[in-house]
Structure formats: C-alpha cells, structure tokens
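Here's the structure, in structure tokens; my notes come after.
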Amino acid sequence: MKMSIVGMLAETFVHPGTGQNVGAIDLPVAREAATGYPFITGSSLKGALLDDYREHDSEGAERIFGKQDSAGNLLVSDARLLLLPVRSLSSAYRWVTCPHILERLRRDLKRGRREAAFEVPRVENKSALGHPGNGRLFLEERSFDVQGNVPEDVIGAVSSLIPHEETRGRLAGQLTILSDDDFSWFARYGLAVQARNVLDPKTKKTKQGGLWYEETLPPDTLMYAVLAERNGGGDIERVREKIGTHLQVGGNETVGQGWFALGWEA
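Position one of the sequence shown corresponds to residue 7 (our numbering), numbered consecutively onward.
Structure, rendered in structure tokens:
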C-alpha cells in the first residue's frame, strides 16, 4: 500500500465545525474527544478533495474516491494538528506544539514507511523549548521558562510539511515546544471566537435569533493528513496534479474561510 503525507497550512481562518454547541460558543470546531485537539474529519477532507478533483476529471473521480455504494482506491485520514499559532509578547506569534503531537507525527511517518529522523524531546510543565534558548517566554497571559532550543532534527521534520519556502524560513525562530498539559490549554481555550449575524434586509438590523458565535482555527495553523492507495496505481499523484497547491475545507467558503496551502510530499 502506497502512502503519502500532505502538509496543510491554513491561509485563512478555518471552521471545521461539529454542528453541536458548547456553552457560549454556538459553533465550536471539531475536537478529539480524549485530547481536545482540533482536527478535520477524514470524511470532510475527502469530500473537499473529491469536489475539487471532480472539476478536473469527473470520470476518474468515482474510481479514485468511490461511489455511494462502493469504496474507491484512495484512503484519506483525519487532518491532525501539528502547529498552533499563539500570540506572544516577544514576537507576533509563536508556532506551538508538544511532545505528544510530535510523537504522533513520528508514528504517522513510520506508518507511511518514512524515516522519522528525530527524537521527541521532553518538556516539563511551565517550561518551553524555543528560540532563543533561555529567558522567559510569554504566550497570551501565561509565562514559560525557556530551557533550550528546539532540536534541529525536529525543525527539519516539521519544515518538510510547510509548502512555502519563505514560511519555512521563519520556523526556526518561531517554533516552540510546550509540555502536553500546557499545549492542551492553548488548544482548548486559545482559538478565536467570532461573532456573526444575519441582517433583516428591510430594517438592516440583526434578525431575532440571528446572532451566533463560532470558533475558528487561525491562519498559519499547520495540519497534516495521510493519503494511501488501496491498490496502487498512482492515484495520489493524479490527485496532486489535478488539485494543485490550494484546497478549501470546512464552512464559510462564501466569506473566504477554509483555505489551505498544500505541501505535497516529494
């Protein structure tokens, strides 16, 4: 079975919704039940790939992606979170991750028969690894004691999933590794919540019940997904050629949200 990993760098706000409201947020993002990490379901990602691919090759789409009553040749995983942008007092933002997420990346690379040429570093609570390798780091209203730099092999593994060369150039200075517990706090409570409304066309005022709050992933969020071919045949490369460099996923397409730049594996 041939497998490939595709990096997904958010170019806009992204709303991979769940259709369920939680507390004051009417439309939260989809989250893993155990960890609370935001993710995009494989069915949503596969549907977005299918919609785009069908515009270029409607006949081949059914064989690759399947039909309602039969499976296709292409297997699409959930899109997993890798780097989350978090506001910082020392720079515009930091790309934040944690050992658990890096461990997952190692496992996914091995599952795809790729070399996972990095070791997962250990980080204590209230500490961080990042540039520069000492001092205090302030993320949102929380502070962390920087214990060292991010290992170069970790930077190399993550940068291979970022599609833009100029963006990869910023990674070494902005990548920050927190403990699993500290990262979990930002993943649960650090996302933007936007208020949206529907106006009455006559009065130009908000309709009764027309105000709602929705949660979004910020631009520059980095995710990745694993694609696989059930029987080989080069379908991953065909999808890559037809879809190209960008893909729209999730809600709010008509207001410009949901766009990812794709970093296809060489």
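Positions of the beta carbon are idealized from the N, C-alpha and C atoms, including for glycine.
On a predicted model such as this, the values are computed, not experimentally measured, just so you know.
Item to complete: Along the alpha helix (DSSP H) that carries GLY23, what are the first and last residues, could you check?
Response: As a first step, residue 23 is located in the sequence shown; it is residue number 17 there, counting from the start. Looking at the DSSP string, GLY23 is not in any alpha helix (DSSP H), and its letter there is neither H nor E.
Worksheet item: Any idea which residues DSSP pairs TRP270 with across the strands?
Response: Sequence index remark: in the sequence shown, residue 270 carries index 264 (1-based). Answer is VAL12.
Discussion item. Between which two residues does the alpha helix (DSSP H) holding SER64 run?
Written reply: On the sequence shown, position 58 is the one that residue 64 refers to. Its alpha helix (DSSP H) spans residues 64-71.
Fill in: Enclosing alpha helix (DSSP H) for GLU171 [first to last residue]
Start at 1 with the first residue of the sequence shown, and residue 171 comes out as number 165. Run containing GLU171: 171-180, per the alpha helix (DSSP H) assignment.
Discussion item. As a quick exercise: from VAL82, SER76, ALA40, pick the residue whose alpha carbon is nearest that of TYR230.
Written reply: For the purposes of this step, residue 230 is taken as the residue at position 224 of the sequence shown. The shortest C-alpha separation from TYR230 is found at VAL82.
Worksheet entry | Pair within 8 Å by beta-carbon distance, GLY118 and SER10 | To locate residue 118, count along the sequence shown from 1; it is residue 112. To locate residue 10, count along the sequence shown from 1; it is residue 4. Yes, they are a contact pair.
Worksheet entry | Residues of its chain near ASP159, where Cβ-Cβ distance is below 8 Å and the 5 sequence neighbours each way are ignored | Here residue 159 refers to the residue found at position 153 of the sequence shown. If we look at ASP159 and ignore the five residues flanking it on each side, its Cβ neighbours are ALA123, PHE124, GLU125.
Discussion item. Just verifying my parser: in three-state terms, what is the DSSP assignment at LEU167?
Written reply: Against the sequence shown, residue 167 aligns to sequence position 161. If DSSP states are grouped into helix, strand and coil, LEU167 belongs with coil.
Discussion item. Please tell me whether VAL129 and LEU184 are closer than 8 Å, where the distance is taken between their beta carbons.
Written reply: As a position in the sequence shown, residue 129 is number 123, starting the count at 1. As a position in the sequence shown, residue 184 is number 178, starting the count at 1. Yes.
Practice prompt. Report the rounded CA-to-CA distance for THR182 versus LEU135, giving the unit in angstroms.
Written response: Taking the first residue of the sequence shown as position 1, residue 182 is located at position 176. Taking the first residue of the sequence shown as position 1, residue 135 is located at position 129. Their Cα atoms are separated by approximately 6 Å.
Practice prompt. Leaving out five residues on either side along the sequence, give the residues of the same chain with a beta carbon under 8 Å from the beta carbon of VAL245.
Written response: Position 239 of the sequence shown, counting from 1, holds the residue named residue 245. Excluding sequence neighbours, VAL245 sits near LEU55, TYR59, ILE70, LEU80, LEU233.
Item to complete: Please state whether DSSP places THR222 in a helix, a strand or coil.
Response: Within the sequence shown, numbered from 1, the residue matching residue 222 stands at position 216. Note: THR222 maps to strand in three-state DSSP.
Practice prompt. Closer than 7 Å by C-beta to VAL92: which residues in its own chain qualify, once you throw out the five before and the five after it? Chain order, please.
Written response: On the sequence shown, position 86 is the one that residue 92 refers to. TYR99, ARG100, VAL102, LEU145, GLU146, PHE192, GLY196.
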